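*Asks:* When the count follows the UniProt record's numbering, it moves up by one through the sequence shown with no breaks and lands on 88 for the last residue.
Every residue, glycine too, gets a C-beta built ideally from N, C-alpha and C.
Small disclaimer: the values here were computed from a predicted structure and weren't measured.
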Amino acid sequence: MPLHMLDIGNTLRRYRDKYNYTQQYVADIIGISRVAYRKWENNEVDFAISQLGKVAELYEVSIPEIIIQSDFQKKQKIPLNRKGHQCY
1 MPLHMLDIGN TLRRYRDKYN YTQQYVADII GISRVAYRKW ENNEVDFAIS
51 QLGKVAELYE VSIPEIIIQS DFQKKQKIPL NRKGHQCY
């Protein structure tokens, strides 16, 4: 499934909120501007899977977990629990 069809931005925002990180902090860690990161969270731009690697490292999850979480959230809109996993 193409990344633009997933709600990855919402997943990134939820992880960031869970850790109480600012957009600026996350952007600095992954090496992009805050504006660019905001566009990621708002699903305004497409980005390569390789760009998710630093985000996955920051939140100690795998890239597939982010993608699966995004696809599932898009379909179900189920919240993350404290460990970043979906509540059932």
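Is the beta carbon of Leu12 less than 8 Å from the beta carbon of Val55?
*Replies:* For the purposes of this step, residue 12 is taken as the residue at position 12 of the sequence shown. For the purposes of this step, residue 55 is taken as the residue at position 55 of the sequence shown. Yes, these two residues count as a Cβ contact at 8 Å.
*Asks:* Taking just the CA atoms, how far does Tyr59 sit from Gly9?
*Replies:* As a position in the sequence shown, residue 9 is number 9, starting the count at 1. As a position in the sequence shown, residue 59 is number 59, starting the count at 1. So the alpha carbons of these two residues sit roughly 14 Å apart.
*Asks:* Around the Cβ of Tyr37, are there at least 16 other Cβ atoms within 10 angstroms (buried) or fewer (exposed)?
*Replies:* Numbered from its first residue, the sequence shown carries residue 37 at position 37. Buried.
*Asks:* Please classify Gln24 as buried or exposed, where buried requires at least 16 other C-beta atoms within 10 Å of its C-beta.
*Replies:* In the sequence shown, counting from the first residue as 1, residue 24 sits at position 24. Exposed, since its Cβ has fewer than 16 Cβ neighbours within 10 Å.
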